[in-house]
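Chemist:
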Amino acid sequence: MALTGSAAAALAACENTTTPVAADAQSGSGKGILGDPTAGGPVDSAGIPLARRDYPVTLPRLQDPVASSAKPERGGELQIYNYADYINPEVIKAFGKQEGVSVRVTTFDTLDEAFSKLSTGGLEFDVIFSTPDQLSRLVGRKLIQPLNFELIPNLQKNVWDELHNPFYDVGPRYSVPYTTYTTGISWRNDMLDFDPSKMDQPWDAFWSKQAEKYRGKVAVLDDSREAPGMALMRRGVTDLNTENPELLHQAVADLKELNNKVGVKVSIADYETVPAGRIVLHQSWSGDMLGGVISYMPKGVKPDVLSYWYQKQGGPIFNDVITVASSATKPVIAHRFLNYMLDNKVAYDNFAGYTGYQPPITAIDTSKLFDDGLIPKTLSEAVVTREAYANGNAYLTLSAKGLQLWDSSWASFRNG
Amino acid sequence: MSSRWIWRLLAIPGLVWLAVFFVVAFYAIISVGFGNVTTLYEPVPHWNPLDWNVGYIWQAITNVLPGGDTWDTFLRTIIYVVVAVILSLAIGYPVAWYAARHAGRWRGLILVLLVLPFWISYLMRMFAWTNLLAEHGYATRLLHALSIDTLFQKIGLLDGTDWLGGQHIAVIMALVYGYVPYLILPLFAALDRIDQRHIEAARDLGASPAGAFWRVVVPLSKTGMLAGIVLIALPMFGDYYTPDLISGSPKTAILGNAINGYVQGGPDKSLGAALTLLMSAFLLVFMIYYLRVVRADQREMAQHA
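Those protein sequences? They're chains A and B, same order as listed. Number 86 in my numbering belongs to position 86 of the first sequence; there are no gaps in the numbering. Number 18 in my numbering belongs to position 18 of the second sequence; there are no gaps in the numbering.
(1) With which residues is residue 319 of chain A paired in a DSSP beta bridge?
(2) On the DSSP letters alone, give me the boundaries of the alpha helix (DSSP H) that residue 256 of chain A sits inside.
(3) Report, in whole angstroms, the separation of the C-beta atoms of residue 386 of chain A and residue 99 of chain A, which I expect to be a contact under 8 Å.
(4) For a contact meaning CB atoms closer than 9 Å, what does residue 413 of chain A contact in chain B?
(5) Please report the straight-line C-alpha distance between residue 331 of chain A and residue 68 of chain A, rounded to a whole angstrom.
(6) Using a Cβ cut-off of 8 Å, pull out every chain A residue sitting near residue 41 of chain B, in sequence order please.
(7) Listed in chain order, which residues of the segment 272 to 296 of chain A have Cβ atoms closer than 9 Å to some Cβ of chain B?
(8) Once DSSP output is grouped into helix, strand and coil, what is the label at residue 309 of chain A?
(9) Residue 217 of chain A touches chain B at which residues, Cβ-Cβ below 8 Å?
(10) Which two residues bound the contiguous beta strand (DSSP E) that contains residue 218 of chain A?
(11) For residue 186 of chain B, verify whether its CB is less than 7 Å away from any heavy atom of the ligand ADP.
(12) List in chain order: all unbroken beta strand (DSSP E) runs of 3+ residues lying wholly within the segment 266 to 310 of chain A.
(13) Helix or strand or just coil, what does DSSP make of residue 325 of chain A?
(14) If you measure beta-carbon to beta-carbon, which residues of the segment 46 to 75 of chain B are closer than 7 Å to chain A?
(15) Assess contact between the segment 116 to 123 of chain A and the segment 298 to 314 of chain A, defined as three or more Cβ pairs (one per stretch) separated by less than 8 Å. Is contact present?
(16) Applying a beta-carbon distance threshold of less than 8 Å, which residues of chain A neighbour residue 181 of chain B?
(17) How many angstroms separate the CA atom of residue 126 of chain B from the CA atom of residue 93 of chain A?
(18) Determine which residues share a DSSP beta bridge with residue 107 of chain A and list them.
(19) Could you have a look at residue 58 of chain A and say whether DSSP puts it in helix, strand or coil?
(20) Could you check which residue in A/208, A/216 and A/201 has the C-alpha nearest to that of residue 162 of chain B?
(21) I'd like the span of the beta strand (DSSP E) that includes residue 129 of chain A, first residue to last.
(22) Does the Cβ of residue 231 of chain A have 16 or more other Cβ atoms within 10 Å, making it buried, or fewer, making it exposed?
(23) One question on the structure: do residue 59 of chain B and residue 274 of chain B come within less than 8 Å of each other, judged by their Cβ atoms?
(24) Kindly list, in the order they appear in chain A, the residues whose Cβ is closer than 7 Å to that of residue 262 of chain B.
(25) My output table needs one value for residue 173 of chain A: the three-state DSSP class, helix, strand or coil.
(26) Would you say residue 302 of chain B reaches chain A, if we count a Cβ-Cβ gap shorter than 8 Å as a contact?
(27) Would residue 139 of chain B count as contacting chain A if we go by Cβ distances under 8 Å?
(28) Please name the residue or residues paired with residue 187 of chain A in a DSSP beta bridge.
(29) Could you work out which residue in B/34, B/248 and B/160 is closest to residue 171 of chain B when comparing CA atoms only?
(30) Any idea if residue 86 of chain B is buried or exposed, counting beta-carbon neighbours within 10 angstroms, 16 or more meaning buried?
(31) Which chain A residues sit within Cβ distance under 8 Å of residue 134 of chain B?
(32) Tell me, please, which residues DSSP counts as bridged to residue 358 of chain A.
(33) Note down the Cα distance separating residue 106 of chain A from residue 138 of chain A, rounded to an integer number of angstroms.
(34) What number of angstroms, rounded off, separates the C-alpha of residue 329 of chain A from the C-alpha of residue 78 of chain A?
(35) With a threshold of 7 Å on Cβ separation, who are the neighbours of residue 142 of chain A within its own chain once the five nearest residues in sequence on each side are excluded?
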């Protein structure tokens, strides 16, 4: 699927324009995206590729990847940019030892923050953790480089087949999957006197009469896509990437209702606050509950007080990605790091030994975690299954206008 | 070479510091607020005033007007700050008065105690409250034992039983707690400077102790009071972590939270910058009033001298 010339010119023009550029797109050179004729996929009016499950996107290859014969760089420091508490320090240490480099992890709070810091330049990283919906921005600003997958054999060898050639990065060209997760509801089954999973529409638990007793102990995710998305799903909306203003206005109104009903909190610390019992009903990422069991249970509290529910038909389910920065000073070591993270044992140690976020690794049998008693049965729905992944829904790249709509809706809720 | 040059040279580090960390930084905010965005919603500052785009400023202004997106937030901010300042004065003035006039041999100790909170960062003190006000925290239990929570519930100041569950009153109390030391110190200095003979003269001329206080002490401490109020009101307007920590609910979001939200994520950084400028302009009005009062006061003192 080739990209139209006008859209390509528009994306090319992203770099230094200050106004939406769809209008000046006539001067298109007709050479695919950013001069790469092999790139393509659906784009919005400003030329941003919008990958969907049934409309895959091939991202433009803007530079040559490192050669297969390239020698690993010696010594120095490998710079990693990631969320906080999202990788096992032991795993990092072992990699540094194996490659003879020191490894430094710098953290960000939100992907928006990460993107704006990266795009101002000045920060030099080798490895960047991100999400699929960010890829087109990262490529558009030439912040990440194409990969040589001959240096990352573990992708084909160890990762689920369905992620060998993902729709958001056909090839793949720029990314390997890191971990998978779902978005659902977590609650303290010893503190909440009702069971959200038994309700006709579990998302309604937050708005229910029963929840009003737990004022101040109810929270939604501090995320401009997830929280409005939950309000949409509650109303039965299935398109989590809708750009219909009426639907989003309704979602904001619904979220604002939670302010009065339960004094709703906005947080991404569910892995700590729910095990501690400070929050008893939380919109959650599945990995946060497993991570909570692994790393955050207070003394004397049994992990089976945590419950998790996931909407099996059309609930949000997706994966994060790892990429290599275009300005990497150690691109070969960075490739080796990506390959290392997809090693069966490393991926397992990172998951079960620290983060609780499950890697899409075929050899990892999550049912074993329950049999070994590492994770209680009450959290069985926090496991990401390949069937659910294949049928799931996801928050994907929005058009420029859509992004503005979602973010201003979110701000309107956050401002109270 | 005259010694005047040496004094001027000594001012250079301060001027450079101000230029780099205030003038340039503030001009960057202005340029973003009057700037534009790329198709990827990265802000593009317009450094040249001739290129300024007033779109975001205009949007920020319409947002804080009644019916706008941040109107409620704006009102809430003003109410929080006004109530917190009044409470701080009610608590701080007697303390400052006692320390300056009646502490006797305890004066030194009280001064040390007043400076003590500055040893611990504001953030740490707020974190302490998140534990004290937690469900089984000491403060929660004490407030319950004194039936203060039931009293507050009855008069509608507390909604439910959870102090940290998005309560206006908890955020205001935290603001008072956090900022009251900054009010007491300038107030103490002002009260300490008042000449005892002024009060004696008022008494000799027939004023009651209360009369002397209201007609002599309070007017003479006006500059100190204003300095204290400015000192605490300005950071309160820009505060966002106190509501974040003590409540974490959009119900108690103030303008600082709104700016933080716009700037930290999403495509609205320019709107955040514009809102910052708007708030600065609003606060400038108070600063100008304060500076005029101080200047008038100094002129008066110069005349007396």
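Beta carbons: idealized from backbone N, C-alpha and C, even for Gly. These numbers were taken from a predicted model, which means no experiment stands behind them.
Modeler: Reading it off the structure:
(1) Within the first sequence, numbered from 1, the residue matching residue 319 of chain A stands at position 319. BP columns for residue 319 of chain A point to A/180.
(2) As a position in the first sequence, residue 256 of chain A is number 256, starting the count at 1. Unbroken alpha helix (DSSP H) run through residue 256 of chain A: 245 to 262.
(3) One-based indexing of the first sequence puts residue 386 of chain A at position 386. One-based indexing of the first sequence puts residue 99 of chain A at position 99. That pair is no contact at about 32 Å.
(4) Taking the first sequence and counting its residues from 1, one reaches residue 413 of chain A at position 413. Going along chain B in sequence order, the residues near residue 413 of chain A (Cβ under 9 Å) are 250.
(5) For the purposes of this step, residue 331 of chain A is taken as the residue at position 331 of the first sequence. For the purposes of this step, residue 68 of chain A is taken as the residue at position 68 of the first sequence. Going from the Cα of residue 331 of chain A to the Cα of residue 68 of chain A covers about 11 Å.
(6) By 1-based counting over the second sequence, the position of residue 41 of chain B is 41. Under the 8 Å cutoff, chain A gives 400, 403 and 404.
(7) 277 and 278
(8) Reading the first sequence from its first residue, position 309 is the one you call residue 309 of chain A. Looking at residue 309 of chain A - three-state DSSP - the assignment turns out to be strand.
(9) Working through the first sequence from its first residue, we reach residue 217 of chain A at position 217. The contacting residues are 162 and 165.
(10) As a first step, residue 218 of chain A must be located in the first sequence, where it is residue number 218. First-last of the beta strand (DSSP E) with residue 218 of chain A: 218 to 221.
(11) Although the ligand ADP was asked about, the structure shown includes no ligands whatsoever.
(12) 281 to 285 and 306 to 309
(13) Counting from one through the first sequence, the residue named residue 325 of chain A turns up at place 325. Three-state DSSP puts residue 325 of chain A in a strand.
(14) 69, 70, 72 and 73
(15) Put simply, the segment 116 to 123 of chain A does not touch the segment 298 to 314 of chain A. Fewer than three CB pairs are less than 8 Å apart.
(16) By 1-based counting over the second sequence, the position of residue 181 of chain B is 181. The premise fails here: residue 181 of chain B is roughly 28 Å from chain A at the closest Cβ pair, so nothing lies under 8 Å.
(17) Locating residue 126 of chain B in the second sequence gives position 126, where the first residue counts as 1. Locating residue 93 of chain A in the first sequence gives position 93, where the first residue counts as 1. Distance between the alpha carbons of residue 126 of chain B and residue 93 of chain A: 35 Å.
(18) The count along the first sequence starts at 1 and reaches residue 107 of chain A at position 107. According to DSSP, which records beta bridges pairwise, residue 107 of chain A is partnered with A/82.
(19) As a first step, residue 58 of chain A is located in the first sequence; it is residue number 58 there, counting from the start. In the structure shown, residue 58 of chain A sits in a strand (DSSP, three-state: E or B).
(20) Residue 162 of chain B sits at position 162 when you count from the first residue of the second sequence. Closest option to residue 162 of chain B, Cα to Cα, is A/216.
(21) Translated into positions along the first sequence, residue 129 of chain A becomes position 129. Element bounds for residue 129 of chain A: 127 to 130.
(22) Numbered from 1 along the first sequence, position 231 holds the residue referred to as residue 231 of chain A. By the 10 Å Cβ count, residue 231 of chain A comes out buried.
(23) Residue 59 of chain B sits at position 59 when you count from the first residue of the second sequence. Residue 274 of chain B sits at position 274 when you count from the first residue of the second sequence. Contact: yes.
(24) Working through the second sequence from its first residue, we reach residue 262 of chain B at position 262. Per Cβ cutoff of 7 Å: 411.
(25) Counting from one through the first sequence, the residue named residue 173 of chain A turns up at place 173. Coil, per DSSP.
(26) The count along the second sequence starts at 1 and reaches residue 302 of chain B at position 302. Chain A, which has no Cβ nearer than 8 Å to the Cβ of residue 302 of chain B, makes this no.
(27) In the second sequence, counting from the first residue as 1, residue 139 of chain B sits at position 139. Not one chain A Cβ lies under 8 Å of residue 139 of chain B.
(28) As a working note, residue 187 of chain A is residue 187 in the first sequence. The partner list for residue 187 of chain A (beta bridge, DSSP) reads A/281 and A/307.
(29) Against the second sequence, residue 171 of chain B aligns to sequence position 171. The shortest Cα separation from residue 171 of chain B among B/34, B/248 and B/160 belongs to B/248.
(30) What you label residue 86 of chain B is simply residue 86 of the second sequence in a count that begins at 1. Per the 10 Å Cβ criterion, exposed.
(31) On the second sequence, residue 134 of chain B is found 134 positions in, with the first residue counted as 1. By Cβ distance, chain A contributes 278.
(32) One-based indexing of the first sequence puts residue 358 of chain A at position 358. In the DSSP output, where bridge partners are listed per residue, residue 358 of chain A has A/180.
(33) Translated into positions along the first sequence, residue 106 of chain A becomes position 106. Translated into positions along the first sequence, residue 138 of chain A becomes position 138. Taking the Cα positions, residue 106 of chain A is about 18 Å away from residue 138 of chain A.
(34) Your numbering for residue 329 of chain A matches position 329 in the first sequence. Your numbering for residue 78 of chain A matches position 78 in the first sequence. In a straight line, the C-alpha of residue 329 of chain A is about 8 Å away from that of residue 78 of chain A.
(35) In the first sequence, counting from the first residue as 1, residue 142 of chain A sits at position 142. 62 and 326.
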